[in-house]
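Enquirer:
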Amino acid sequence: MSEAVIRIGDLTRVYTMGETEVRALDGISIDVGKGEFVAVMGPSGSGKSTFMNIVGCLDRPTSGHYFLDGVDVSGLDRDARAEIRNAKIGFVFQSFNLLSRTSALENVELPLLYLAKGGMSDREATERARKCLARVGLADRWDHTQAQLSGGQQQRVAIARSLVNDPAILLADEPTGNLDSKTSEEVMAIFQELNEEGRTVVLITHEPDIAEYARRIVSFRDGKIVSDVPVARRRHAARAVAAGGVK
Amino acid sequence: MTKTGNILKVAFRALGRNKLRSLLTALGIIIGVACVVATIGIGEGARTQSENQLKSLGTNFLMIFPGTTTSSGARSGFGSNSKLSESDVDAIREEVSAVVYVSATIRTVAQVIYGNQNWSTSIQGGEVDWPLIRSWNVAQGQFFTDADNRAASKVCVLGQTLVTNLFGDEDPVGKMIRIKNIPFRVVGVLEAKGGSMMGQDQDDTVIAPYQTVRKKLMGTTAVGGILASAASNDMVTRAQEEISALLRQRHKINKGAGQDDDFMIRSQTEMLQQAEEQSKTMSMLLWSIAGVSLLVGGIGIMNIMLVSVTERTREIGVRMAIGAKGGDIRAQFLVEAVVLSITGGVLGIALGVGIQRAVAFYAHWPVLVSTNSVSLAFVFSALIGVTFGFYPALKASRLDPIEALRYE
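Same order as they appear, the protein sequences are chains A and B. Going by the numbering used here, the first residue of the first sequence is number 2, and it counts up by one from there. Going by the numbering used here, the first residue of the second sequence is number 1077, and it counts up by one from there.
#1: Determine the chain A residues that contact Arg1089/B at a beta-carbon separation under 7 Å, and present them in chain order.
#2: What's the C-alpha gap between Asp27/A and Ile1107/B?
#3: Mapping the DSSP letters down to three states, classify Asn1488/B as helix, strand or coil.
#4: Please decide whether Phe221/A counts as near chain B, where near means a Cβ-Cβ distance under 7 Å.
#5: Based on the DSSP output, what are the partners of Leu171/A in its beta bridges?
#6: If the cut-off is 8 Å on Cβ atoms, which residues from the stretch 77 to 91 of chain A count as contacting chain B, listed in chain order?
#7: Counting only Cβ-Cβ distances shorter than 8 Å, please list the residues of the stretch 1095 to 1123 of chain B near chain A, keeping chain order.
#8: Mind listing which residues of the stretch 53 to 80 of chain A have their C-beta closer than 9 Å to chain B's C-betas, in chain order?
#9: One question on the structure: do Ala1122/B and Gln1432/B come within less than 7 Å of each other, judged by their Cβ atoms?
#10: In angstroms, rounded to a whole number, what distance separates the CA positions of Asn108/A and Ser1364/B?
#11: Between the C-alpha atoms of Gly1217/B and Val1265/B, what's the straight-line distance to the nearest angstrom?
#12: For chain A, check one thing: does any of its Cβ atoms lie closer than 7 Å to the Cβ of Ile1425/B?
#13: Determine, using beta-carbon pairs with one atom in the stretch 123 to 135 of chain A and one in the stretch 43 to 55 of chain A, whether at least three such pairs fall under 8 Å.
#14: Does the ligand NAD have a heavy atom nearer than 6 Å to the CB of Val1450/B?
#15: According to a CB-to-CB cut-off of less than 7 Å, which residues of the stretch 173 to 189 of chain A neighbour chain B?
#16: How big is the Cα-Cα spacing for Ser1126/B and Ala1351/B?
#17: Output the distance between the C-alpha atoms of Ala140/A and Glu1412/B, rounded to the nearest integer angstrom.
#18: Can you tell me where the alpha helix (DSSP H) holding Cys1111/B begins and where it ends?
#19: Output needed for Thr1345/B: all residues of its chain with C-beta closer than 7 Å, excluding positions within five of it in sequence on either side, in chain order.
#20: Looking at chain B, is there any beta carbon in it that lies within less than 7 Å of the beta carbon of Ile9/A?
#21: Looking at the secondary structure, which residues open and close the beta strand (DSSP E) in which Gly1428/B lies?
#22: Exposed or buried, what is Leu1361/B when buried is set at 16 or more other beta-carbons lying within 10 Å of its beta-carbon?
#23: Can the beta-carbon of Val1445/B be found less than 7 Å from the beta-carbon of Gly1119/B?
#24: Under DSSP, the alpha helix (DSSP H) around Arg1183/B begins and ends at which residues?
#25: Run down chain B in chain order and give the residues with a C-beta less than 7 Å from the C-beta of Leu111/A.
#26: Using beta carbons (cut-off 7 Å, strictly below), is Val1394/B in contact with chain A?
#27: Pick out the complete alpha helix (DSSP H) segments inside the stretch 128 to 165 of chain A, 4 residues or longer, and give them in chain order.
#28: Between Ala1167/B and the rest of its own chain, which residues show a CB-CB distance below 7 Å, the 5 nearest in sequence each way excluded?
#29: Starting from Arg1390/B, find everything on chain A with Cβ-Cβ shorter than 8 Å and list it in chain order.
#30: Report the rounded CA-to-CA distance for Asn1213/B versus Cys1111/B, giving the unit in angstroms.
#31: In angstroms, rounded to a whole number, what distance separates the CA positions of Gln95/A and Leu1416/B?
#32: According to DSSP, is Met1378/B part of a helix, a strand, or is it coil?
#33: Check whether the Cβ atoms of Ile85/A and Ile226/A lie closer than 7 Å to each other.
#34: Which whole runs of the beta strand (DSSP E) in the stretch 1239 to 1269 of chain B are 3 residues long or more, in chain order?
#35: Does the beta carbon of Leu106/A come closer than 7 Å to any beta carbon on chain B?
#36: Under the assumption that Arg157/A contacts Ile211/A (Cβ atoms under 8 Å), give the Cβ distance between them as a whole number of angstroms.
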């Protein structure tokens, strides 16, 4: 394994609800190397969402360590975590979460608006956003708004948005949850391509066949990692579909 | 991409999405600001106007009216029974050193006829000092003389309105007009003077010798009133005191024994103060409407911003996930509230200026749109945006991104 992008050691996350304590994550340790494609699986309540929130720096662990791209982020405050999210993490959500009445291009530019250090010129930002849109095969739809795009196209805009800051990891939370199987395959094809170009991808899913697009499957149950195995028979999304774009 | 530019763009887009809602929200501010602008404008206009009009009454002007009289314990109203006499006029002229010009005056209304034209107007009787007291010059011809007054000659001087209505383009000087069927020769025409404080057209009048009006038109012995000019502005009060003392002595009024004066003296200064009091009351009223409206407007903005924060919880979550800090979110919503209130402010300024122009137009006031009132209104509305937008913005910035992203 090459250098670790994610290094998590003995991490716990405890929620206090009234007098009961819920150990959503119970002392997990995991390393994810650069260029890996990991699928995180588990039934609801297994702790995979909590895991995603912590990996995505939306939440803080109760104890334990989390090094992201070599930086200890487990003790950072809200604003510092916002900076880390902006610089190191590209989010892709189940429900796309594009801003309505906003063009695809502006949606993709959005993370550049919150750059921590030294803003970027409008031209540079637009240039980068256009490249990312082209990367997901939507160069010609830059001016379309959410309402003018299909579900698959919306998710591809969201992927372009996640790429625009050149993050250390792509964090996809059920990215195919709202898509039909054909469109799901197209979206997974893009993730596979990005991974082959060297991107580290963490995919949260509860669908076993979607998980098989990854290279490694980590399963959660009751806040613990119960299995961590390489994918035996990896599925490959039809490249032709992705390359040809969606009609 | 610059942050400020984008925040502004996002704010305008968010407000544009609900145009009607934004407009209704801004309405409170619009009304409030319009009130502020109109209040200040109308107040200034009214004050300037009444100052001009009072100056047009004449310099250091004093007016003596007949007052109440008490006979057998029954007090009658002002002017019901004039105790002012022509000898009072002469006494003031001779004994009050603070006074330079004095004229008895009397007024009636009559139909004035010239050729086939007629016009109902006010006929004022005056003495030779009258134009000096009223600072009202003769434009054509000349004013009548003291001899005309003593002889009760049937001569008169016309106001501009009368000239227009009776003579049109004809030169009235030397022509004969009929007042109550008595022929009068026109000897002069007065300069145009404009409207009075009460909105009456001062030019709609005929001036004739006091004795002529009293004897020939009214058939009375009572003096209608006395007009006087103090020697200077500083002498006004002294003139007032001296006239009061003189008239009390002449009318045998013992003020110490609780007897009422049977006359009243008004000075220009007092009338000015009165006019100012009136415009102050009006201003207070408008200011309180403005205050309440701005408060309600501010609460409306807060309410709508809170709704907006709830509606856009998801958007806030997304922005936070991709790196927006609390401060970025707070700035965005604060700017939105300020844009809303400033837009309201600008519309309010336009409305206020409109109201002010309309009032000025109908009241024949000068239009004074002071930059002060406009900038004050602008700053006011921006402050309201900040004040009432702060809490919703703070609430938005404190959302938990995880919860916000999950919000349906």
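Glycine residues also receive a C-beta, built at the ideal position from the N, C-alpha and C atoms.
Expert: Short version:
#1: Arg102
#2: 60 Å
#3: Outside the shown range of chain B, which is 1077 to 1484, sits residue 1488/B, and nothing can be said about it.
#4: no
#5: Gly91/A, Val202/A
#6: Arg79, Asp80, Ala83, Glu84, Arg86, Asn87, Ala88
#7: none
#8: Asn54, Gly57, Leu59, Asp60, Arg79, Asp80
#9: no
#10: 46 Å
#11: 6 Å
#12: no
#13: no
#14: This structure lacks the ligand NAD, and indeed carries no ligand of any kind.
#15: none
#16: 7 Å
#17: 32 Å
#18: 1095 to 1133
#19: Val1312
#20: no
#21: No beta strand (DSSP E) contains Gly1428/B, which is instead part of the alpha helix (DSSP H) from 1402 to 1439.
#22: exposed
#23: no
#24: Unbroken run through Arg1183/B is the beta strand (DSSP E), 1175 to 1190; no alpha helix (DSSP H).
#25: Ile1398
#26: yes
#27: 152 to 164
#28: Leu1322, Arg1326
#29: Asn98
#30: 41 Å
#31: 34 Å
#32: helix
#33: no
#34: 1252 to 1255, 1258 to 1266
#35: no
#36: Contact doesn't hold; Cβ gap of about 16 Å is too wide.
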